[in-house]
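Report on one structure; see the data block that follows.
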Amino acid sequence: MISVLIIDDEAPARELVKQFLAANEDVEIVGEASNGFEGHKLIQSLKPHVVLLDIQMPKLNGFEMLELLDNPPAIIFCTAYDEYAIKAFEQNAIDYLLKPFSKARLLEALQKVKPEEKSGFILQKPMEYNHPLSRIVVKNGKSIDIIPAESINYLMSQDDYVEIHCSSGKFLKQQRLKYYETALDDQKFVRIHRQYIVNVEQIRKLDKFGKESYVAALHTGETIQVSASGYLRLKEVLDM
């Protein structure tokens, strides 16, 4: 039997899915949530085989919720928006159902769940974005911090983690710095060193440091190292 969790902010949509699956003896609906925060908690506690996931939801959307999970279950996206299909399949989604969908279409999607997925969790690829990140979501103990991209001063690599320095403090995120090099707006955030990505709007001045490197002085009073290649990237972005 496949255990299913429904995450959708629209109550009528959740009810319709429950009606579609009510008579199916191979499927058990173990819970439902109306937003990404509730959904995240239920995935952790219920450990469903499959999540029927909406994308556009208040507070935390479907993609942001997935980013908080270390090892997500199988995902079937259920949404009224077709523009997210490519991104959804980049996350190894089982299927992408465009609302309004039929009972037959939902059952067809559930048939795609493989035996190994029914027995537990599957590993999905890291999040990839076709547009710049507008915010970063960080799990901080029992709370979740949402950091607007414009509030970030710089990011610093810490092995398999990234330390995010922003106007509200420092946050540690389990992610590679290289990921943010492509995920953030490359006209605002520049990889200036193997260890740093900086928000160019936070740079107050650049000082020569040694033969081929520089130091960036930030408006916060901090200084960070700029490599020779990083300086060339800054010159291009800042049109120096």
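Take 474 as the starting number for the sequence shown in my numbering and just add one per residue.
Note that the Cβ used here is the ideal one computed from N, Cα and C, for glycine as well.
Quantities reported herein were computed from a predicted structural model and do not represent experimental measurements.
Where residue i falls: helix, strand or coil (DSSP)
{"i": "Q564", "result": "coil"}
{"i": "R608", "result": "strand"}
{"i": "Q631", "result": "strand"}
{"i": "D516", "result": "Asp is not the amino acid found at residue 516; the sequence shown has Ile there. Helix."}
{"i": "I619", "result": "strand"}
{"i": "R578", "result": "helix"}
{"i": "Q597", "result": "With a pLDDT of only 40 at Q597, under the threshold of 50, the placement of this residue in the model should not be trusted, and no figure is reported."}
{"i": "S476", "result": "strand"}
{"i": "K532", "result": "coil"}
{"i": "Q698", "result": "strand"}
{"i": "V490", "result": "helix"}
{"i": "L707", "result": "helix"}
{"i": "P485", "result": "helix"}
{"i": "D712", "result": "coil"}
{"i": "K585", "result": "coil"}
Of the listed residues the options, nearest to residue i (C-alpha basis)
{"i": "S607", "options": "E540, A484, D658, A561", "result": "D658"}
{"i": "T693", "options": "A506, I625, N497, F510", "result": "I625"}
{"i": "A566", "options": "F550, Y652, G614", "result": "F550"}
{"i": "N497", "options": "G683, I609, Q584, S686", "result": "Q584"}
{"i": "S575", "options": "A486, Q529, K612", "result": "A486"}
{"i": "L541", "options": "I516, D555, D712, A558", "result": "I516"}
{"i": "S641", "options": "T655, A622, K681, K651", "result": "A622"}
{"i": "H638", "options": "I609, K681, T655", "result": "I609"}
{"i": "E537", "options": "I559, G512, Y669", "result": "G512"}
{"i": "P573", "options": "Y653, E488, E685", "result": "E488"}
{"i": "Y669", "options": "F682, K684, Y653, G683", "result": "Y653"}
{"i": "A605", "options": "G703, T655, S630, I559", "result": "First, the residue type needs correcting, since residue 605 is Pro and not Ala in the sequence shown. Ranking G703, T655, S630, I559 by Cα distance to P605 puts T655 first."}
{"i": "A506", "options": "K520, A484, Q492", "result": "A484"}
Pair within 8 Å by beta-carbon distance, residue i and residue j
{"i": "I475", "j": "L525", "result": "no"}
{"i": "D543", "j": "G535", "result": "no"}
{"i": "A689", "j": "L679", "result": "yes"}
{"i": "V500", "j": "L494", "result": "yes"}
{"i": "I665", "j": "V699", "result": "yes"}
{"i": "L533", "j": "G509", "result": "yes"}
{"i": "P545", "j": "L539", "result": "yes"}
{"i": "D568", "j": "A577", "result": "no"}
{"i": "V523", "j": "L579", "result": "no"}
{"i": "F644", "j": "I617", "result": "no"}
Nonlocal neighbours in the same chain, by C-beta distance under 6 Å from residue i, ignoring five residues either side
{"i": "G593", "result": "Note on G593: pLDDT 49, under 50, position unreliable in the model; the coordinate value appears next. The answer is none, since no qualifying residue turns up."}
{"i": "A561", "result": "F550, Y569"}
{"i": "F682", "result": "V688"}
One or two residues paired with residue i in a DSSP bridge
{"i": "I665", "result": "According to DSSP, I665 bridges with nothing at all."}
{"i": "K678", "result": "A690"}
{"i": "I549", "result": "L525, D568"}
{"i": "V671", "result": "Y627, V663"}
{"i": "G504", "result": "L478"}
{"i": "E556", "result": "Note: E556 sits in no beta bridge, so no partner."}
{"i": "F644", "result": "I637"}
{"i": "N613", "result": "S616"}
Own chain partners of residue i with C-beta closer than 7 Å, once the 5 adjacent residues on each side are dropped
{"i": "V710", "result": "Q660, V663, V673"}
{"i": "V586", "result": "I475, H522, V523, A547, I567"}
{"i": "S518", "result": "none"}
{"i": "K646", "result": "I609, V611, Y634, V635, I637"}
{"i": "S686", "result": "Q698, V699, S700, A701"}
Cutoff 8 Å; reference residue i; Cβ partners in own chain excluding five residues on either side
{"i": "L691", "result": "N626, Y627, V671, Q675, I676, R677, I697"}
{"i": "Q631", "result": "L645"}
Min CB distance residue i to chain C below 8 Å
{"i": "L489", "result": "Protein chain content of the structure displayed is limited to a single chain, and chain C is not contained in it."}
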